[in-house]
Structure formats: structure tokens, C-alpha cells
């Protein structure tokens, strides 16, 4: 309840007022100071602060400015007496409110304060809730001149995904072979997948699995270990590792777990021995790292030793990337450990091919003792060499370190003046993506902010109301979104251009993990490595994403596959995804006098139609299975190909011309 | 006088760890009764570590004619080479037969080169326990004060043992500190202060001060909330949250000789690693809902729970003690 004592307003003391306690009967207020005796009105329908849990009761006020203002609402007042407050600010009508602002602890000492711009004549609803306590407090609303909002490079809009839910909400990746990122939530004996629909939105499916021996308490990785066209999952637990393998239609999953004790931290799928089949790597917290080599049939054999053998571990954030541009991925391990133990010293292992690795931690200047759980790797200055932001999780042995790749197997510490030296936010997660599509990769770490790359090896923070999560493009608009729990923070984008690349390996692993992707244009060069497992715990998209800023053309796109195959696509179309099958140009890119070769229907059951095939001088037309086996072969072009005899699944159509050019398209036999 | 050679305790440093627990002859009679052999001395710390409600029996073996030494109140007794610490983990009222079941006996042995771990897993017949340092999981259901309980009990591997039992990477015992031993243990021939008992048995040099700053039994409601909670976090948390330990890079310092200081306990200290924005402080006075320590002690998720190892269940009594302490603290001091 509230009491109103108007007389003391004149003395400049708090106004205690009598507002009624629901949204519909909110107490009108103007600038001034007010006392809430206790929170006992109706609760808030929507939380406008980071912690999404609603209180059970609220106190409601309505405020309609008579001019445009910058308004500050604060409870950080002597009269609050340290009460732990929280408030939400809405526009709209009581049945359909929209969050404008809100705050929990921004006033210091758990009190609240938020500043936001308001528009003359618009009605704002301000509601305090009892999330922490129903105790009374004072609050103040002040009006000031409108402050221009410094626009961050991109903004995000939060949306709750109905139909999402599960114990472990830590993955975003394509699960049904359409290259659209899906939302994956894991429980003991099921996986909930929100399949992204091509027209937008999601189709939620709860898929029973055999019961997992181990659950992804510490990390998850996703990749196709048996080349059946449907991604498999790795659950990294504190006691062991479970592989959850997709069946031939991606509609069911079966677990496989070894008996070995593994205190998992970061996990990755990666082709460690470069035999064309994905292996798995798991950081061990308290022992030498473990890895699982693929026998080529999707069976994974446990190994320990050779890839970070410090006796009592300290391995937290493994990341596979090609640091020396020799065509194979090297292993960096962000490490952490208390006491005088050297388990905290980061490691870099150079891949010398054929499964041989050399520890170059010291020689490369990456052997730092900093307490790090993850490092974000990308080419931050677009010079063609992968750089590292090694993130601090504790200040004990130094803060964040930005390391520039010198291109000669060594790294230089360029933290000073980079913006990272001024960033005191600690975190276990640090990942790098281009969130604003400006052509320079950014880093998300601690403090609910993205450190945007200024393009010159310096970074500037932009604050957001949410922490790190799984990253992918969940509305297929070319701007990366961030999933936290059952919420997706959709990137509102900007007018920058982009390209996304979907890879399908044949000789290489199916996902093209470990491939180096390069694009060339007016900006020079940009590079990415395809990774399964970056940051500390989350699984992020397997699709390759580039922003290209205001550039409108990409001169060439080059894929350097783990197999050694190099594919070059001149002038790929921007602002749309492109699918590259290893060893061939995309059929869909071919155009003769505005006529395109089109493969349909999608999916196909009896017959595959290839429109305008006569535009090519066909030497051979072949259909490959997911595993690279030729299942149909013709020595001429055909506009209709029977496929009813093929088992259901994903296939590649590969056409070779008399001139020796190869073009391909994948299709689904359903 | 030693008993005849073939019946006395055997800790041959050339050959340990033995393959069978019985090889040490720590116990006489049926081994499952855990009746200690001559000069195998039962002991207990004032407060004990929570490990999914397992019950424990602890014993100390010091070689014939040798003595331990007092170092300081808060450091483990300096035990002579050849000493062994023996700790048996068991449950009463184990289903379906409502029996006592011994799960494992953990032994630490001091060699000239330092301490080693030897873990023995008991057979179903409860007649023998076999060396295993690989760790394993044991599904278990039992009745606790009449209530049905179950867990997958974790027998630790050697590396898990080391995670808690180490000082700068060297294996060390945890509990056998003067501060934890300075209370009357109910020996079979009468209660006596454990340190005095060791001196009387010629197993401890008589240089122990009389004013040991000591922990209490956290269950002892006649003690202050502060002493009970400080004793609890010492034995449950300080093996990682101290200098030179596994998690020294986090700000709290929870050993008994350090945790009287509010900032060491995390009072009004912001956590470095957020789970969500609710936990604004490691401990917020009078507010468990804004306290990270409460959240973590109340969690069973392996990536969130504290302690990280040694439990899968919430220790309700420990959590209540934390809540009482949080409510007792009304300021940041």
C-alpha cells in the first residue's frame, strides 16, 4: 500500500503516495521523490532486467512527460536505506506492454538506477517488483535535456523461444542438414531441437535418446562423425564423455560412452590425424588431455597423451586453428590453476601433419601463466594470420592479453592501448565473431558487452543487457544472434553486407571443420577457420560468416579444405548463403544468358529434375552418397534422374564438363 | 610390546600400495567390523567433510618407535615416514536389505619421497577391499533418518584425490591438523583429548602448546553460529580455497585461520564468475538469495555446485548453517 502526503512535497521531502496497485490503476507521477511503504500490488507481467524471474507483487506508476526528456529513475537515495530494489519501465497498454528500460543493481549496493529518453505525450509505466524484498524504499524521477544515445554498432531484441527447454541450453548448430542453425537443448534422455524453418520461426521437436551416461555439464561439441549428413553431439561431463550419434534420418540419437574418467572442460570435434574423419578432443581439468580417434565408421577410440600432458591438467579452453597457415589446424589450450602449479601456463601445439604435434608454447611467446578458461582467436587485423585474445577469468596472474600473430610462428603482446587493458570484466567465455558485419571480428567476453573491433587492433566496448551464450544466425538474415537459455537475442542488423558459407566435405570431414576460408575484395583479405568448439562451454554455429561492411562485391572466395583440396569461387553473391561441396563449384551459381541450372524438387523422392542441363557440355553426371561413394553415374547430361532406388538421405549431384570443370549441388532423397 | 610379526601392521614402503587392504593388517577380526590392530589409533576431526552423507571411520598408523610432531595449529601434524592415514566410507540402512555397506577405504601413506594415495574398493561380501586408483561410480540407495535417499556415489580416481589433497601439486593430508584434533574422542577405554592421547601413546612429541586455536563440531548447537560455520567451511572448502591450492585464483580464503576476516569469507565481495545476475555478492549479509555461496552450495549441477568434487547431493544441514550465518551477518564487517 502507499500513502500520499502532499504537504511535504513543498519542503522537498519525499512524497508518499497512494497509488493503486495494478497496472490499470497505476498512480500518475511527475518528476519528484516518492516513498513506497511496501510492495503489495499486482506483479509485473514482463521483466525488463537481465534476471528473468518475476517477483510476485509490484507497485505501479504512470508517467507522461510534457516534453522530450532524458529521464533518470533511481532508488539510490538515503531514504531507501539499502533496500534491494528492482524496477521495469514499459510503454503500451496493460495487456500488451513493451520494455523500455529497467534496472536491478545499477544504483550500487543492490539499489537501482536507469536513464532513458522519453517522448513528449507518451505514457510510460514504471513498476517496482518484489523479486528480492517487499520492503519499502524511496525513488526519484528526474527530467533533463535529451541526451543523444550513442548508438552501438548493432542492437539486439530479446525473444523467448516457446517450445525450448531442457537441462543444458548451450548449443546452436544445424541438426537436420539444411544449414539453418537450430536451437539444441539436451537432457538426460532426450534432446529438444527447435529446427529453424526456412520461412522463419522454429519447429520444436522433443527427440528421445538413449540415456546419456554423462551430460554436458561443462561443454558441448557438434559435428558429423559418421558422415551420414546429420550432426552428432559430444557431452563433456565432470566424470566422462558421451557421444550422442544421430541415426540415418536425424530423427533419433543413440549414446556411446567410454568407461574412462574424464573431468571434461572445453571439447571439440576436429580431424586430428587428417584422415577425413572427425575425431574428438576433450580438455581434462586434472589430467593430461584426452582425444578420441575415428576409425572411419564413426567409432571413436579413446587416447590420452601427446596433446597437452601436464600431469595434473589445468586444461580449460582448447581451440583448433591454423596459426602458421600451413593448411592444418594447430591446438591452443587456455589454462588455469591455483597455487604455484605450472598447470596454469597456456600451451600452443603446432600440427606437423600426420597426427604429429610439437609444443611451441614458449618459442611462440604464448606460454602465459594467466588464469584463462578460453581464448578468442581470429585475424583481428585482417593481415591473414590468426591472432588471439586470451581472456582472464581471474586477475591473479594478469588480465586479458591480446596477442598479434607475427606470421613467423611467434606472437607479440599488443594489449597496451588495445582497449583490452582497460577492460576489467573477467569471464570464462571469450569468443570471436563479426557481430556488426563491418569486416572485422569482435570479441564477446565478460561484463555483458561486446568488444567491437575498430579495425586497427583496438577494441571498444558496447554494453548489452545479456551475457554470452551460443552464437548462430537464428533468423537467417546474415547477422549473428545470441542464445541465452530459452531466449534468443536477435541481432537487429545494420546496412553492412555479408556472406555465409555452408561447407560439405567429401574427402575431408563432412562439416569442413578445420577448413580455412578466405574472401578477397576491396578490403584486402579476410580469413576464418571452421571450428566445432570455441569459447569455453557453448557450441556455436558451424556455418562460416563474414561481414564485409559497405563493400558490395567479393572478388573471390577460397576454401582450403583439410584434404588439401582448394576450391575457388569467383564473385560469390553477397547477402546470401552459398553452399560449397568439396572439389566443385556450386551448380546454382552458374548462369548463362540469365538462365540457371536448377535442381528440384526439394526434397525429392522418385525423380530429380535438372532444368537447363543442356547449357553444359556434360562429360559425366554422378551422384555421391554422404560418405563419398558413387551411387549413380551417367556419361551424359540428363534432365531427369531416377533416385527412388536410393536410400533416404543426403546426396551430392556432381557434374563434370568436357572442359574438366566440376559443379555440384546437394539434394535430399526423402 | 609388538605382537608377533605375522599379526602386526605391515606398511612396507618398498611394496605399498598393496593390492588388498587386508595386507596391511590395520584391522583385527572380520575386517568389516573395522576393529583397529594394536597401535592403529582411531581419530576424527572436530568437523568433517560432507560426502553425500557417507559415514566415516578414520585411523592413524605411526611406525613403531616413531613420533609425529606439532608444526602449528593450522598445519597438518608432521607424520614420520612410514605413517598411514586410513579412512573408511560406509552407509547404514542400505537398500534393499537395510544393511551397513562399506564402499571404500582410502589410505594415504607417507613415503620418503612424499605422500601417496591408495584407494581400496570393498567387495559385495564385505570381506576384502582391492586397490583401485581409477575411480568408479556406485549406485546407492539407503535410508537416512527414515527417509529414502539415493545417489551415484563417486569413488575418486587418483587425480581426483590429488585435486583436493595437494599443496603446490604435492599430495598432502587435510584433516589431521591440531586445530581439528583438539577435542575429546570417545576411545574404547574412555574419552580423551586426541592430542593428549597421541602424546600418551608416545606417538606425538610433547611440544604441543596448550592454547591451540581450534575448530568446533559444526553440529554442536552450543557453539556460536560463527564458530560452527567457520569450522564447516574450513573442512569443506579450504583445501581448494587457500593459498597454494587448486582454486587460489578465486578471491575467498576459507581456512579457519583466515576465515574470521569477513572479506576472506566473501562477505560483500563481488564474484569473478557470474552464473546469473542474482548472485551479486559471494555473500550478501542477511540475504541468501543474492549470495553466490548459497546458490552454489544449493546446486547439484556439476558446473555450478560447490564443493566441486565429493558430493552430488545438497548437504541440507550445511546449507542451513550457511543460511543461519548469512542471517546472523547484518553488515559487511
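Residue numbers (this note's numbering), protein chains in the order written: chain A, 1 to 670; chain B, 1001 to 1333. For glycine and all other residues, C-beta sits at the position ideal for the given N, C-alpha and C. Just so it is clear, the structure is predicted and the values come from calculations on it, not from any experiment.
Endpoints, alpha helix (DSSP H) assigned at residue i
i                      : result
residue 1229 (chain B) : 1225-1237
residue 1318 (chain B) : 1316-1328
residue 1161 (chain B) : 1158-1164
residue 1296 (chain B) : 1292-1297
Local Cβ density within 10 Å of residue i, reported as buried at 16 or more and exposed below that
i                      : result
residue 571 (chain A)  : exposed
residue 600 (chain A)  : exposed
residue 1147 (chain B) : exposed
residue 1328 (chain B) : exposed
residue 110 (chain A)  : buried
residue 121 (chain A)  : exposed
residue 1175 (chain B) : buried
residue 1326 (chain B) : buried
residue 308 (chain A)  : buried
residue 1155 (chain B) : buried
residue 86 (chain A)   : buried
residue 427 (chain A)  : buried
Separation of residue j from residue i, as counted between CA atoms
i                      : j                      : result
residue 1130 (chain B) : residue 1020 (chain B) : 5 Å
residue 304 (chain A)  : residue 280 (chain A)  : 12 Å
residue 357 (chain A)  : residue 291 (chain A)  : 14 Å
residue 642 (chain A)  : residue 219 (chain A)  : 43 Å
residue 1132 (chain B) : residue 1099 (chain B) : 24 Å
residue 1044 (chain B) : residue 57 (chain A)   : 50 Å
residue 562 (chain A)  : residue 325 (chain A)  : 12 Å
residue 496 (chain A)  : residue 441 (chain A)  : 14 Å
residue 1142 (chain B) : residue 1028 (chain B) : 28 Å
residue 1250 (chain B) : residue 1297 (chain B) : 16 Å
residue 101 (chain A)  : residue 1323 (chain B) : 33 Å
residue 157 (chain A)  : residue 410 (chain A)  : 41 Å
residue 258 (chain A)  : residue 234 (chain A)  : 12 Å
residue 1116 (chain B) : residue 243 (chain A)  : 34 Å
residue 1041 (chain B) : residue 338 (chain A)  : 34 Å
residue 147 (chain A)  : residue 71 (chain A)   : 9 Å
residue 1272 (chain B) : residue 391 (chain A)  : 13 Å
Spatially closest choice to residue i from the options, by CA coordinates
i                      : options                        : result
residue 550 (chain A)  : A:574, A:563, A:538            : A:574
residue 529 (chain A)  : A:184, A:463, A:438, A:544     : A:544
residue 1259 (chain B) : B:1241, B:1245, B:1052, B:1172 : B:1241
residue 134 (chain A)  : A:349, A:504, A:36             : A:36
residue 1058 (chain B) : B:1072, B:1033, B:1069, B:1080 : B:1033
residue 1136 (chain B) : A:28, A:348, A:213             : A:213
residue 569 (chain A)  : A:616, A:537, A:595, A:501     : A:501
residue 1309 (chain B) : B:1093, B:1068, B:1152         : B:1152
residue 378 (chain A)  : A:367, A:251, A:323, A:338     : A:323
residue 499 (chain A)  : A:555, A:459, A:538, A:205     : A:555
residue 539 (chain A)  : A:392, A:172, A:162            : A:172
residue 405 (chain A)  : A:397, A:448, A:183, A:457     : A:457
residue 1217 (chain B) : B:1179, B:1007, B:1094         : B:1179
residue 661 (chain A)  : A:648, A:621, A:651            : A:621
Bounding residues of the beta strand (DSSP E) (the contiguous stretch that carries residue i)
i                      : result
residue 358 (chain A)  : 357-359
residue 1180 (chain B) : Where residue 1180 (chain B) is concerned, there is no enclosing beta strand (DSSP E), although the alpha helix (DSSP H) it sits in stretches over 1178-1181.
residue 203 (chain A)  : 202-208
residue 521 (chain A)  : 516-521
residue 563 (chain A)  : Unbroken run through residue 563 (chain A): none, as it is neither H nor E.
residue 281 (chain A)  : 279-284
DSSP-derived helix/strand/coil call for residue i
i                      : result
residue 93 (chain A)   : strand
residue 1012 (chain B) : coil
residue 1186 (chain B) : strand
residue 266 (chain A)  : strand
residue 50 (chain A)   : coil
residue 1025 (chain B) : coil
residue 1199 (chain B) : helix
residue 588 (chain A)  : helix
residue 80 (chain A)   : helix
residue 8 (chain A)    : Note that residue 8 (chain A) scores 41 on pLDDT, short of 50, meaning its location in the model is unreliable and no value can be drawn from it.
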